[in-house]
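A.B. asks: Questions regarding the structure given below will be posed in turn.
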Amino acid sequence: MIKTFNHIKKNFLQIFTALFLSINVLIILRYPIQDGLNKNFIEILIFFLLLVLISISIINIQSIKDLNKNELFLKVKSVGTPYLLFVYLLISILFIFQFVPFNTFGDRVFSLSLIFFIIILFYIFKIQDSFLESLSFRKKSILYIFFTLIPIIRYLISNTEILFFIEQVKLISYFFLISFLLIFVFSNIVDNVLETNLVLPIMTVFLFIAFEMNTLSNTFEWARNSKSLSLAFLYMAIFAFILVIDKYSARQISFIFLILGIISIYPNISLDSNNPELNKIKSTSPFSNEFDLENKYSIIFLIYDGYPQNETLDLYGFDNSTQTQYLKEHGFKIYNGVYSHGAYSLATMAGVFQGQAKVYDERNARLMTGGYSSFNELLKDNGYLSVGIFSSSFYLPPTREPNYDIYFPSDADRSLSLFTSLLRGRQVFKDLTFSKPHEIYLNQKLDFLKGIDSLTQPVFLYSHSNYPGHTQNSGVCEENEENMWKLDLDKANNEMKNDISELEDVFENSFIIIAGDHGPYLTKNCTSLREYNPEDITRLDIQDRYGTFLAIRPPTGISLDFEKKILQNVLLYISEKLSRDDVDFNNYINEESINNSELPQEINIFNNLIQGGINNNQPLYLDRSTSTD
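Residue numbers for the sequence shown follow my numbering, beginning at 269 and rising by one.
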């Protein structure tokens, strides 16, 4: 302790300058980052470093009085005041008044911090005999860059089934650039000139926690508290770790970081990249049988994400009867009381295309929505043109070519939005799904719908829209969440009307399916209810997660019954109308059940009957009628 105190006293000005520069950099970094956990973390860190700065200044008051005797101060002083005034005036005139909106307190703090930062760097470069010497290669700096990237590498590995290769390359490049500039460039320059080893660990630990914040916030309750001091304690613990290992050789440090990286990344590595079980999974589907489809009607399957039925909307206090009346007027039957076995898009749609009430793992589910389902292959074998048009590449497998004759999008680049959301500190579902502007998706979909009538072969089209969508899955409902979602519902209604208007020419020879894939998640915490008390779970809570809208317009002269009302049965009932074989599809129809992954384990649904919770032994849906007028 005495040794440390003497070291601070002896090198007070160097330590003070290093802390001052670090605080300035943090203030500058805080400004462009979106509001979120990392922005709050920076505020905590700035406050913490300011306390340290003030504390060492108080205990070294004599050193401040003796500044004129300090060698570093004399070097700075010798540079000359004219340079300082010139740089200050130049930046003030060109930067503040012309380029930066000087409207808020945050703008002023950011501008002043940037000015001080540039001025001090100017002096440092003047003091340094050689700029290249400031940037001299240090093996330890490269190792610390790798250390900060461990959370990003783990994120990329754990999301290989979501991210395309180009997205992974760009993401790692963005984060590497940040680490390179703050560690190899900034920290090296300052530590070399000041002859300290303080800025490097300050920046390294900051970047490591900032890059790890997405995982921390999804794993620990304390990390979701934006003002949590636990982050400061975590910072101090990792900072101490860095100070200890910094005394080791570069080879020893590289070994330690490598072990930490392997331990951190290994659980996310899958050796089964070729997925040899895919054929086995598909073989269990009823659609894997070689049905001969005699009546080759087109099948237009239009999914509107998170679209609920009227009984649920009435419970929210929303009236959507005008939309359902529009559908009825165009020949659609509304199947009330339908719910999904799964509570999220991939879980629902993979089961639909396999004809099974089963939830597949994410990799296999994305293969199903990407065209490798038994149903899609059955139709292709029977001469159908297979088409997948999506609002996002989220529904396509990034590790192999989608199994559609025509598909959109054919590429994806969400790297910038993923980068900004990771810097924000917590990703939400929309950060992963949105890859193309929705207008481009709408144009692609409408262009194809317009041309269906001119095709000489039957069509199977699966299209998945982002609207109305569901909440952000952060675990906390945003202010005015329901009303904001209602605006998205209006967008979905308009999109649906435009789609139907383009399909009128193929009404006679097509099954047109309009459906939601799950609920909008507007109740309680706007996300999973697994941790809730079962006695707090209501009928609306369950409908809000598992309920699905369903309307079908069959070809002229075809009547379609829908008895077992879970969405995973819809293509089984339609296949019965297509098949010329004497097949009893009742052998394949799934029972009405759910996978209760989003509810307390005591809550379940079977045959529309709620098991557990406030509405125990009551129907999930009170209205299960089929309405046509």
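We put the CB at the ideal spot given by N, CA and C, even for glycine.
For clarity, every value in this text was computed on a predicted model and none was experimentally measured.
According to DSSP, is Tyr905 part of a helix, a strand, or is it coil?
C.D. replies: This structure cannot settle anything about residue 905, because the visible part of the chain is limited to 269 through 897.
A.B. asks: Does Tyr584 come out as helix, strand or coil in the three-state DSSP assignment?
C.D. replies: Tyr584: helix per DSSP, three-state reduction.
A.B. asks: Roughly how many angstroms lie between the CA atoms of Ser659 and Asp756, to the nearest whole one?
C.D. replies: Looking at the two C-alpha atoms, the distance is approximately 15 Å.
A.B. asks: Given a cut-off of 8 Å on the beta-carbon distance, is the pair Leu686 and Leu439 in contact?
C.D. replies: The answer is yes: Cβ separation under 8 Å.
A.B. asks: Taking only three categories from DSSP, how would you classify Ser409?
C.D. replies: Residue state, collapsed to three classes: helix.
A.B. asks: Taking Ile781 as part of the alpha helix (DSSP H), name the residues at either end of that continuous run.
C.D. replies: Ile781 -> not in any alpha helix (DSSP H); beta strand (DSSP E) instead, spanning Ser778 to Ala783.
A.B. asks: Under the DSSP definition of a beta bridge, which residues are partnered with Val453?
C.D. replies: In the DSSP output, where bridge partners are listed per residue, Val453 has none listed.
A.B. asks: According to DSSP, is Gln879 helix, strand or coil?
C.D. replies: Three-state DSSP puts Gln879 in a strand.
A.B. asks: Pick from Glu747, Lys765, Ser517 and Val744: whose alpha carbon is nearest that of Leu714?
C.D. replies: Measuring from the Cα of Leu714, the nearest candidate turns out to be Lys765.
A.B. asks: Tell me the DSSP secondary structure of Ala505 in three-state form.
C.D. replies: Helix.
A.B. asks: Would Ile421 and Ile533 be called neighbours here (beta carbons separated by less than 8 Å)?
C.D. replies: Closer than 8 Å, so yes.
A.B. asks: Taking His598 as part of the beta strand (DSSP E), name the residues at either end of that continuous run.
C.D. replies: Looking at the DSSP string, His598 is not in any beta strand (DSSP E), and its letter there is neither H nor E.
A.B. asks: Considering just the uninterrupted stretch of the beta strand (DSSP E) at Arg821, what are its terminal residues?
C.D. replies: First-last of the beta strand (DSSP E) with Arg821: Leu818 to Arg821.
A.B. asks: Does the separation of the CB atoms of Lys832 and Gly605 fall below 8 Å?
C.D. replies: Cβ distance not < 8 Å, so Lys832 and Gly605 don't count as in contact.
A.B. asks: Closest to Val320 by C-alpha separation, out of Ile674, Ile434 and Leu466, would be which residue?
C.D. replies: If we check each option's Cα against that of Val320, Leu466 comes out closest.
A.B. asks: Helix, strand or coil for Gly815, going by three-state DSSP, please let me know.
C.D. replies: Correct three-state label for Gly815: strand.
A.B. asks: Run through DSSP, which three-state label would Ile418 get?
C.D. replies: Helix, per DSSP.
A.B. asks: With DSSP collapsed to three states, give me the class of Phe273.
C.D. replies: At Phe273, the pLDDT of 45 sits below 50, so the modelled position is not reliable; the number obtained from the coordinates is stated separately. DSSP places Phe273 in helix when its eight states are reduced to three.
A.B. asks: Kindly give me the distance between the Cβ atoms of Leu717 and Glu770, rounded to whole angstroms, as I take these residues to be in contact under 8 Å.
C.D. replies: 4 Å between Cβ atoms; contact.
A.B. asks: Anyone know if the C-beta pair for Thr215 and Ile446 falls short of 8 Å?
C.D. replies: A query on residue 215 cannot be resolved here, the shown segment of the chain reaching from 269 to 897 and no further.
A.B. asks: Can you name the start and end residues of the alpha helix (DSSP H) that Ser441 belongs to?
C.D. replies: Per DSSP, Ser441 belongs to the alpha helix (DSSP H) from Phe433 to Ser447.
A.B. asks: Who pairs with His738 in a beta bridge, going by DSSP?
C.D. replies: Partner(s): none; His738 has no beta bridge.
A.B. asks: Comparing C-alpha positions only, which one of Lys759, His738 and His706 sits nearest to Glu750?
C.D. replies: Per the Cα distances, His738.
A.B. asks: Check whether the Cβ atoms of Ile805 and Tyr607 lie closer than 8 Å to each other.
C.D. replies: The answer is no: Cβ separation not under 8 Å.
A.B. asks: Report the rounded CA-to-CA distance for Ser485 versus Ile430, giving the unit in angstroms.
C.D. replies: Distance between the alpha carbons of Ser485 and Ile430: 20 Å.
A.B. asks: Below 6 Å CB to CB, which residues in the same chain sit around Leu583 once its five sequence neighbours on both sides are set aside?
C.D. replies: Excluding residues within five positions, the ones whose Cβ falls inside 6 Å are Leu808.
A.B. asks: Alpha carbon to alpha carbon, what distance is there between Leu877 and Phe853?
C.D. replies: Straight-line Cα distance between these residues: approximately 24 Å.
A.B. asks: Arg668: buried (16+ other C-beta within 10 angstroms of its C-beta) or exposed?
C.D. replies: Arg668 is exposed by the Cβ-count criterion.
A.B. asks: Going by C-alpha to C-alpha distance, which of Phe454, Ile549, Thr824 and Gly304 sits closest to His598?
C.D. replies: That would be Thr824, whose Cα lies nearest to the Cα of His598.
A.B. asks: What distance in whole Å lies between the Cβ atoms of Gln712 and Phe662, which are believed to be in contact at a cut-off of 8 Å?
C.D. replies: No, Phe662 and Gln712 are not in contact; Cβ-Cβ is about 16 Å, not under 8 Å.
A.B. asks: What does Ser566 pair with, by DSSP beta-bridge criteria?
C.D. replies: DSSP lists Ser778 as partners of Ser566.
A.B. asks: Do Ser778 and Ser566 have their CB atoms nearer than 8 Å?
C.D. replies: Taking 8 Å as the Cβ cut-off, Ser778 and Ser566 qualify as a contacting pair.
A.B. asks: Could you check the C-alpha separation between Leu797 and Asn748 for me, to the nearest Å?
C.D. replies: When rounded, the distance between both Cα atoms is 20 Å.
A.B. asks: If you draw a straight line from the C-alpha of Gly815 to the C-alpha of Asn872, how long is it?
C.D. replies: One C-alpha to the other measures close to 13 Å.
A.B. asks: Determine, using beta-carbon pairs with one atom in the segment 303 to 322 and one in the segment 282 to 295, whether at least three such pairs fall under 8 Å.
C.D. replies: Yes: the two stretches touch, three or more of their Cβ pairs being nearer than 8 Å.
A.B. asks: Using the C-alpha atoms, what's the distance from Tyr730 back to Leu570?
C.D. replies: Computed Cα separation, rounded: 6 Å.
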